[in-house]
Structure formats: C-alpha cells, structure tokens
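Residue numbers (my numbering): 703 to 820.
Note that beta-carbon positions come from the ideal geometry of N, C-alpha and C, so glycine has one too.
This structure is a prediction, so every number in the text was calculated from the model and none was measured.
Below is one structure, written out as structure tokens; comments come after it.
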Ligand SMILES: [Mg+2]
C-alpha cells in the first residue's frame with residue numbers, strides 16, 4: 703500500500719484529504735506545516751507528498767526545497783487555493799500543481815499517475 707503525507711495548516715483540509723485518500727486504500731499521515739513535514743519524512747517514509755503553499759512556521763515553497771535536497775525522486779504535489787503560484791518558477795520543482803477544490807477527483811487522478819498506478 704502506498705503512503706501519502708498530507709501537509710496543510712487547515713485541519714478541515716487534512717481531515718477531508720485523509721478520509722478520502724484512505725478510502726482509496728492509501729496509508730495517510732498528516733503534518734500541519736513544512737517543519738512538521740520534514741520531521742515526518744524520515745519516520746513515515748511517504749511515497750508521495752501533497753504540500754499546501756500558505757502555511758505558518760514553514761511554507762510549502764520552503765518545504766519543497768528542503769524535501770528536494772533529501773529526496774530527489776519523491777513525487778510532490780503543490781496545492782493552493784487560488785492558483786496564484788502557478789507561474790512561480792519555484793513551483794516547477796514540484797511534480798504537479800493543483801488548485802484546491804472540494805471535489806478531489808482531479809487530485810486523486812494526479813496521485814495515481816505520479817504513483818504509477820494509472
Ligand atoms: Mg494554508
């Protein structure tokens with residue numbers, strides 16, 4: 703079973719993503735910010751990370767850089783609410799960029815693709 707780390711400062715998002723992805727058969731762990739994500743990286747050993755961009759303590763862009771230094775191959779999806787970072791050069795270091803939406807169909811299909819499941 704594939705392991706997914708969800709990183710988002712909003713509890714409702716963490717809850718929704720965890721619930722929906724567990725229903726798909728993934729093992730899901732959550733972190734509230736980039737710093738916590740880095741701590742969990744070595745313990746949880748995810749196969750994929752979903753990173754929110756706007757978070758306190760350490761945002762998703764900084765976390766993306768730091769995770770890439772350790773795990774060059776790990777699939778990372780950047781998520782944000784409005785698509786405002788879509789043009790930002792640093793987001794190119796991620797494997798996918800998703801605009802947050804209550805319907806997780808597109809998000810789930812990107813996950814399957816990045817994990818080589820479809
Ligand atoms: Mg946020």
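For the alpha helix (DSSP H) containing residue i, list its first residue and its last residue.
i           : result
residue 755 : Here residue 755 belongs to no alpha helix (DSSP H), and DSSP marks it neither H nor E.
residue 770 : 762-772
If you drop the 5 nearest sequence neighbours on each side, which residues of the same chain put their C-beta closer than 6 Å to that of residue i?
i           : result
residue 814 : 820
residue 806 : 722
residue 734 : 711
I'd like to confirm something about residue i: is its beta-carbon nearer than 6 Å to some heavy atom of ligand 1, or not?
i           : result
residue 761 : no
residue 703 : no
residue 756 : yes
residue 711 : yes
Using a Cβ-Cβ cutoff of less than 7 Å, which residues in the same chain neighbour residue i once the five nearest sequence positions on both sides are dropped?
i           : result
residue 716 : 708, 710 and 732
residue 810 : 726
Between the Cα of residue i and those of the options, spot the shortest distance and give me the residue it belongs to.
i           : options               : result
residue 765 : 725, 738, 810 and 713 : 738
residue 706 : 762, 777, 767 and 763 : 777
residue 736 : 801, 724, 751 and 714 : 751
residue 808 : 796, 747 and 781      : 781
residue 772 : 757, 755, 756 and 742 : 742
residue 749 : 801, 774, 712 and 795 : 774
residue 703 : 725, 720 and 729      : 729
residue 803 : 784, 812 and 818      : 784
residue 759 : 744, 740, 746 and 745 : 740
residue 770 : 727, 795, 719 and 757 : 795
Using a Cβ-Cβ cut-off of 8 Å (strictly less than) and excluding sequence neighbours within five positions of residue i, which residues of its own chain qualify?
i           : result
residue 903 : Summary: the structure shown does not reach residue 903, with the chain confined to residues 703 through 820, and so no result is reported for it.
residue 812 : 779, 798 and 800
residue 756 : 711, 762, 782 and 783
Taking the beta strand (DSSP E) that residue i belongs to, which residues open and close that run?
i           : result
residue 780 : 778-782
Exercise. What runs of the alpha helix (DSSP H), each 4 residues or longer, lie entirely inside the segment 703-730?
Worked result: 713-725
For this session: Kindly provide the ranges of any beta strand (DSSP E) runs that are 3 or more residues long and lie completely inside the segment 791-815, ordered along the chain.
Result: Counting only runs of 3 or more, we get 798-801.
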